[in-house]
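To start, the structure under review is shown below, and the notes come after it.
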Ligand SMILES: *Cc1c(COP(=O)(O)O)cnc(C)c1O
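Below, the structure written as structure tokens:
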């Protein structure tokens, strides 16, 4: 379409880059159709949960103070539980982020003398301090909870024999991380997670299996709670918030586990009864309603980026044709200049802060400067289009999000345009 090409040109995308993108896209029709079908299924799943629970306008009322008898808050938790097929759910703006949700779930269900097991090697960076792998005040270690991990096999798969051996009399809880996060291993499918859970339960039937579900929600038609997870945990400024939730986290699972999480989050005796919603419920409901579609746009963006950069000769993880288990795309660009150009493009395509230039900066917890591109409505939201990475070998950017497929597409075309303009890649 001529008008569309002109519109892209006015945004800064030159014809050759636009046409390159269209050429790549013409090969992705079947994959996009499959994603649309999955989103349609997940949309129906969320709608069904909302209808079944008779969501109505009274659910959106703001509460303050203690938040006793907050019907809208309680019903939102029922909607999450119905969608993820769990007995109970804790979905709260008082859970400040994903790490907080995971810390609550762990510390509520582990007591002094218990052992925590990670069967996928090192957990997400921020959990190292929660667990006490890196010394930290108030870590689980300080409270007498020990920790063991079983590394993945060289091919990135679970070491089933090693896991079986690692489960002992003290092992109380197993934490499984669905998304690779900022590691280079592959992410796990829900089915693979189900196999690990089955093994753990066979060895020790009363073991609690928790899944860090960050970045994974609505990427498949089933969730880890459908394959035996006792708790699934995530952040509302990622997938399930649909871009609208301004804060929050969730823990869904067995009533016995979730109840303890509520007591840990508020106070023993209070639990789920307190916690005012502060007027945030409309965005939490509506964000959850939109989430399946938002996730499908982000997935299309990730696949589009993988196929463009793979064709240009860069290593991309996952590769252009692999199945997806989360919304993260890594691209190894091989140089700091290319990382900066890529991030400049993502930033320039943003609806907010499009005029700023990302510069690498020292960040706590990293041994190299980190560059980040994000022009988000919600600060730090990574379901919105964003890219970042530490400036060191292999010079990889981690790219994720996009509230609409069209925005994700523009961001990727813009990243390519910046690389081409700087003479850092050639279209081929
Ligand atoms: C994002 C994320 C978390 C939690 O991070 P927050 O920034 O605290 O929300 C935990 N695990 C994984 C795999 C993640 O992607």
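Numbering (my numbering), first residue to last: 3 to 430. Using N, Cα and C, we set each Cβ at its ideal position, and we do this for glycine too.
When DSSP labels each residue in this structure, what does residue i get in the three-state scheme?
i: residue 323; result: coil
i: residue 253; result: strand
i: residue 94; result: strand
i: residue 99; result: coil
i: residue 120; result: strand
i: residue 173; result: strand
i: residue 423; result: helix
i: residue 284; result: helix
i: residue 399; result: strand
i: residue 308; result: helix
i: residue 381; result: coil
i: residue 432; result: This structure cannot speak to residue 432, because the chain is shown only from 3 to 430.
i: residue 84; result: helix
i: residue 330; result: coil
i: residue 46; result: helix
i: residue 462; result: The shown model of the chain, from 3 to 430, leaves out residue 462, and the question about it has no answer.
i: residue 15; result: coil
i: residue 9; result: helix
i: residue 52; result: helix
i: residue 365; result: coil
i: residue 416; result: helix
i: residue 25; result: helix
i: residue 233; result: strand
Express the C-alpha separation of residue j and residue i in angstroms, rounding to a whole number.
i: residue 414; j: residue 231; result: 35 Å
i: residue 373; j: residue 206; result: 44 Å
i: residue 233; j: residue 416; result: 40 Å
i: residue 266; j: residue 276; result: 12 Å
i: residue 93; j: residue 59; result: 19 Å
i: residue 111; j: residue 142; result: 11 Å
i: residue 13; j: residue 347; result: 11 Å
i: residue 301; j: residue 285; result: 22 Å
i: residue 89; j: residue 255; result: 6 Å
i: residue 20; j: residue 28; result: 12 Å
i: residue 38; j: residue 294; result: 10 Å
i: residue 169; j: residue 97; result: 30 Å
i: residue 81; j: residue 237; result: 16 Å
i: residue 364; j: residue 32; result: 42 Å
i: residue 263; j: residue 404; result: 31 Å
i: residue 5; j: residue 226; result: 44 Å
i: residue 128; j: residue 102; result: 10 Å
When we look at the beta-carbon of residue i and count the other beta-carbons within 10 Å, is it buried (16 or more) or exposed?
i: residue 105; result: buried
i: residue 356; result: exposed
i: residue 167; result: exposed
i: residue 408; result: exposed
i: residue 257; result: exposed
i: residue 358; result: exposed
i: residue 353; result: exposed
i: residue 331; result: buried
i: residue 270; result: exposed
i: residue 321; result: exposed
i: residue 402; result: buried
i: residue 361; result: exposed
i: residue 66; result: exposed
i: residue 392; result: buried
i: residue 180; result: buried
i: residue 272; result: exposed
i: residue 87; result: exposed
i: residue 72; result: buried
i: residue 50; result: exposed
i: residue 171; result: exposed
i: residue 390; result: buried
i: residue 1; result: Beyond the ends of the chain as shown, which are 3 and 430, falls residue 1; an answer cannot be given.
Identify the continuous alpha helix (DSSP H) that holds residue i and give its terminal residues.
i: residue 240; result: It is not in any alpha helix (DSSP H) - residue 240 carries neither H nor E in the DSSP assignment.
i: residue 354; result: It is not in any alpha helix (DSSP H) - residue 354 carries neither H nor E in the DSSP assignment.
i: residue 341; result: 338-350
i: residue 164; result: 162-168
i: residue 135; result: Note, residue 135: premise wrong, no alpha helix (DSSP H); not H, not E.
i: residue 203; result: 192-205
How far does the beta strand (DSSP E) with residue i in it extend, from its first residue to its last?
i: residue 1; result: In this structure the chain extends from 3 to 430, so residue 1 is not present and cannot be described.
i: residue 148; result: 148-151
i: residue 214; result: 210-214
i: residue 374; result: 372-376
Closer than 7 Å, CB to CB, is residue i near chain D or not?
i: residue 279; result: Considering every chain present, this structure includes no chain D. It has just one protein chain.
Should residue i be listed as close to ligand 3, given that the test is whether its C-beta is under 6 Å from any heavy atom?
i: residue 32; result: Ligand 3 is not part of the structure shown, which contains ligand 1 as its ligands.
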